[in-house]
Structure formats: C-alpha cells, structure tokens
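Worksheet for the structure shown next.
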Amino acid sequence: MDEDVPSGRGWFEGLERGDEAGLAASVRDGSAEMPADWPALAVERGFADTEAAYYDTLHETALAATRAAVREAERAGDRQLVHAVRAMDDCSRTANELAERVEEWAGSLLDESGTGVEFAREVAESGEVPATLRTLAQRVVDLDEQAARLRTDIERTAPDVAPNLAAMAGPVLAARLVSLAGGLESLAKKPSGTLQVLGAEEALFAHLRGRAPSPKHGVIYTHDAVRNTHPDDRGSASRALAGKLTIAARVDHYSGERKPELDEELRERIAAIRARKRGAEEDGDE
Amino acid sequence: MSDPALPEGVERHAFDSRERLATRGPPVYGEPTDGEWRAWDPSRSKLGAMLELGMDTGLAGGETVLYLGAASGTTVSHVADCCGPTYAVEFAARPARDLLSVAEPRGNLFPLLKDARRPATYAHVVEPVDVVVQDVATRGQADVAVRNARFLPEGGRLLLAVKARSEDVTADPDDVFDEVTETLSAAYEVLESRRLDRFHDDHLGVVARRR
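Protein sequences appear in the order of chains B and S. Residue numbering for the first sequence follows full-length UniProt numbering, starting at 1 and increasing by one per position. Residue numbering for the second sequence follows full-length UniProt numbering, starting at 1 and increasing by one per position.
Next up, the structure:
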C-alpha cells in the first residue's frame, strides 16, 4: 500500500478522462482498503470539472469494465462447456419425449410399430402417415442429431478445459460435473463428499432432513468404476472415485497440467476395492 | 398520493385499480407501468417487501447507496430510481449481464462485477454511502454486512435481507436469524427485524444502524 495514501488510490488517479481502456482496467483490477470521497477528490485533483461530470465518467467506465469482465467470464471454456452439456441434455430429453408422442400417434396408423428415435426415423420416411406426423418425426431425428453434434463438441473441448477430469471421468461426465457445480472453479473448491453426490440433490436434502439414508452417488454413478463394481462395494468405489475426481478438478483449475498418474492411482484403488473379501472388512479408505 | 413511511420517489400507485408500490424509471422485466411509473413487486424484491410490510427503512430518497447482491437488477433499478449515486455489486457474471442493461439508461447506477465478501476490491471506486442494501445469497451474510460497514458513517443505515437457507438448509430459520443478529452486533445496532414470509419464505428483513 502507498504510504502517503494509506487507504489506497482512487480508480481514476493518474489517468485521464479520455483513457477509456485504462480507466476500465483500473476499475477491474484496482483496490483500496478504505473508501474515500472519490467524487470530491476527482474534482480537487482535476480529473473532472464537476461531480456531475465525474459521475458521468464513472457510469460509462463501470459499464465498460463490467461488460468486459462479464464477457470474459461467460466466454471462458468451462462456461461454454456448461452450455453445451445442458443443451445436449435438453435435446436428448426433448427427442425422447417427442419420440413417445410419435410412437403413440403412428401406432394408431401403421400396422408395424417400434420405439424411440429409430422408429421416428422410419415414420419420418413413411408414405403412409400424414405429412404433419412425418415432419414431427423428422424433428425427433433432427434433435437427436443435434444432441450427437453437441456430444462431439463436448468430447473435443472438455479435454482442453479440464484435461485430467476429462481423462478420468470421460468428457461428458466431466462436463456434467462442471455443469452441476456451476463452473470448473466452483467444482475445484467443492469437497469430495459434495462431488460424490452432485446430481443426487433431492436424495441428499431428504437425507439432511432426516427422511432418507445418505445417497452414495449422483451422476458419477455412470462411471465404470461405480457401475461395474459389486453393489456392496459401490459406496467405497464412489467415495474413492469422487476423491480422485476432486483432485483432478483441482489440478485442472489451479495448474492445468496433465497428470496421467492420477488415472493410474484410481485404477489401482478401484482394483483393490473390487478384490476385497466381501464383508470381511469395513470401509477404510480416504 | 404520498405515504410518510415511503422514500421520496416511491409512491403507492394504482395499476389495474390495485394500489401498488411504484417508482419512476424505464421498465426492467415487463412489470406493469402507468405513464412513467412502474410497479415494484414485493414478491420479487426483498426491499420492496420490507417497504410493503411497513418496516421503517429510514430511506428518505436521494441517498447514496451501496447495493450488495444486485443480481439482474430488479430491486437495484427501483433503488436507483429514487436514490442518488447507486453502486451495484454483483458477483456472478450471468445476472450481471442483465444488470448492465438495467444500468445503461440510469446514469446514477454503477454496476460492478465484484465479490461482496472482498470490499477492498471495490473501495477504490465506491465512495462512503448513506445506506447499504444487502441481498446476497451466500453463507456468512452477516459477516458480509460487517465487512462492508467501512462504507457507512456512524448512524448510517443497513437494510439487509437474510436468507436462512443460504446459511444452512437444515437449520431452523429462527436459529439462523439469532446467529445473524449476534454477528451483526459487531458493527451495527439492529433497529427492527421482521420475517418477510408473506413474500419470501424463510427470509428476515433487518434494518440496522452503523455503530
């Protein structure tokens, strides 16, 4: 801190009113321990002729600084990943819902029926249904293809945004964890026990209110380490997996360096859990 | 018609023959308007609820305000309509994007993408103010208010909305509110506090004075 001005410097100090970029940067990056009567100081030091003029400049500068900071935050890779995975889930869900509708409708018109997106594809090409149903079925196909495109994007970008997490969890699960946490930084700051139950919020809150046992896993259930472990050991497996994923997320956020040894550690840990003699020992891992 | 408990610039105004709080300014989220007046919806705004419930906020209108937790600007737009220079601090980028369009037509509203838990990151911009309005949905809400007491002179007002669930989803709201009041006493004297349940579940409205 500057000794002459113990409370720090005002955002405008040392700058000219025309220097928009410099002023905006000063609003974003500056600091002061204590506030001061900045409008009066700005006039006294000749930055502005009047307080009204000072406020005009502050208004423009605060808008510019905040706009730039917002844009930067929203364009960050992890934010884009969050949008992509949410859009993918929306497309898949909507495709499935509409596919059911197509199924019911087409079932009343066609001799042969089927299920899901595949059947919608047949309906979309069928000459025996009204045009409206045909185009509706085509929408299902399009939505399904859009979901696939989004998945491809996620598979391409997740390893850049979170290399260790994507390698350990797979790109889609990694993106989903980032999405549920609200960003890579907040995921990196969560305790492993929270990551373990991300996506199981309903069960978790029921548990916290004393109405249910604690959930063993949220979306990490889809990971091979949990899903392909014997049900008796799934609690241990998901705890171990969550622990390693938490470390991966922290490495990704704070250093960004790829550490393949993390994957190896997870493999060994899961192998050890699966090799356990069932019922012989209590859970005793981290 | 004017109401002695309401700040200058805030009036009860008839919209579709229903009396509602209103301020004068450009509309923000599609609220009903009548000429230059626009309705201030107490169920979307904790400060609006405090006024609607008749709490004595001490707001007279025209004050310099530091608003913590401005979100997308619903409440802060009304504050800027009836107050003087208004500094709006918001931590999350997504709502701050909406806050920008609320601030654009309001020359006295200064949006800042900052963390209210770290006042030193904006004390180089924000001047000492008459009133701090705080509505942050984070753990440690009382602590945020104490840290920001540096912006208030002795006797300056804090208008605080406490969300019990942000402290601890499982705790009894009454216990949370007791603890908040206790923490506040480090820097404030609580003048009035009242549950806002009619408009906001498990929220406490607090009017306090800087010691």
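The beta-carbon is built from N, C-alpha and C at its ideal position, and this holds for glycine as well. Since this is a predicted model, take the numbers as computed values, not measurements.
### Message
Any beta carbon from chain S within less than 8 Å of residue 56 (chain B)'s own beta carbon?
### Response
yes
#### Entry: Where the beta strand (DSSP E) containing residue 110 (chain S) begins and where it ends
109 to 113
#### Entry: Proximity test, Cβ basis, 8 Å: residue 33 (chain B) and chain S
yes
### residue 37 (chain B): contacting residues in chain S (beta-carbon distance under 8 Å)
127 and 128
### Message
Just checking: is the beta-carbon of residue 194 (chain B) within a distance shorter than 8 Å of some beta-carbon in chain S?
### Response
no
### Message
For a minimum of 4 consecutive residues, which ranges assigned as the alpha helix (DSSP H) are wholly contained in the segment 33 to 63 of chain S?
### Response
46 to 52
### Cβ-based neighbour list, residue 103 (chain S), same chain, cut-off 6 Å, excluding 5 preceding and 5 following
109 and 111
### Message
What does the Cβ neighbour count give for residue 148 (chain S), buried or exposed, with the cut at 16 atoms within 10 Å?
### Response
buried
### Query
Is residue 230 (chain B) buried or exposed, if buried means 16 or more other CB atoms sit within 10 Å of its CB?
exposed
### Query
Going by beta carbon distance, what residues of the same chain come within less than 7 Å of residue 84 (chain S), once the five residues before and after it are set aside?
62, 63, 64 and 108
### Task
Would you kindly report the start and end of the unbroken alpha helix (DSSP H) that includes residue 251 (chain B)?
234 to 254
### Query
Which residue's Cα is closest to the Cα of residue 73 (chain S): S:25, S:98 and S:155?
S:98
### Task
Please go through the same chain and pick out, in chain order, the residues whose beta-carbon is closer than 6 Å to the beta-carbon of residue 214 (chain B), but skip the five residues on each side of it.
207
### Query
Thinking C-beta only, is residue 142 (chain S) closer than 8 Å to residue 113 (chain S)?
no
### Query
Using a threshold of 7 Å, is the CB atom of residue 176 (chain B) nearer than that to any non-hydrogen atom of the ligand GTP?
This structure lacks the ligand GTP, and indeed carries no ligand of any kind.
### Message
Is the separation between the beta-carbon of residue 195 (chain B) and that of residue 248 (chain B) shorter than 8 Å?
### Response
no
### Task
Answer yes or no: does any C-beta atom of chain B fall closer than 8 Å to that of residue 102 (chain S)?
no
### Task
Could you confirm whether any beta carbon from chain B is found closer than 8 Å to the beta carbon of residue 25 (chain S)?
no
### Query
Hey, how far is the Cα of residue 78 (chain B) from the Cα of residue 29 (chain S)?
28 Å
### Query
Which residues, taken in chain order from the UniProt domain "Nop" (161 to 275) of chain B, show a beta carbon closer than 8 Å to some beta carbon of chain S?
205, 208 and 209
### Task
Tell me, please, whether the CB atom of residue 17 (chain B) is closer than 8 Å to any CB atom in chain S?
no
### Query
Could one say the Cβ of residue 82 (chain B) lies closer than 8 Å to chain S's Cβ atoms, at least one of them?
no
### Message
If I follow the unbroken beta strand (DSSP E) through residue 193 (chain S), where does it start and stop?
### Response
188 to 195
### Message
Distance check for residue 44 (chain B) and residue 181 (chain B), CA to CA, integer angstroms please.
### Response
47 Å
### Query
Which residues in the same chain as residue 6 (chain B) place their Cβ atom closer than 7 Å to its Cβ, once the five residues preceding and following it in sequence are excluded?
Caution applies to residue 6 (chain B), whose pLDDT of 46 falls short of 50 and renders its modelled position unreliable; the model cannot decide the point.
### Message
Check for me: the alpha helix (DSSP H) holding residue 54 (chain B) runs from which residue to which?
### Response
51 to 75
### Query
Expressed to the nearest angstrom, what Euclidean distance is found between the alpha-carbon atoms of residue 83 (chain B) and residue 79 (chain S)?
33 Å
### Query
Between B:96, B:70, B:90 and B:94, which lies nearest to residue 91 (chain S) when the distance is taken from Cα to Cα?
B:70
### Task
Please name the residue, chosen from S:194, S:7 and S:211, that lies closest to residue 24 (chain S) on a Cα-to-Cα basis.
S:7
### Message
So, does the segment 139 to 148 of chain B touch the segment 83 to 96 of chain B, judging by three or more C-beta pairs under 8 Å?
### Response
yes
#### Entry: Per-residue contacts from residue 124 (chain S) into chain B (C-beta, under 7 Å)
8, 9, 10, 11, 30, 31 and 32
### Task
Mind listing the chain S neighbours of residue 67 (chain B)? Cutoff is C-beta to C-beta under 8 Å, in chain order.
100
### Query
residue 106 (chain S) and residue 154 (chain S): beta carbons closer than 8 Å?
no
### Query
Quick one: is residue 89 (chain S) buried, meaning 16 or more other Cβ sit within 10 Å of its Cβ, or exposed?
buried
### Length of the line joining the Cα atoms of residue 115 (chain S) and residue 151 (chain B)
34 Å
### Task
Could you list the residues in the segment 145 to 157 of chain S with a C-beta less than 9 Å from some C-beta on chain B, going in chain order?
150 and 151
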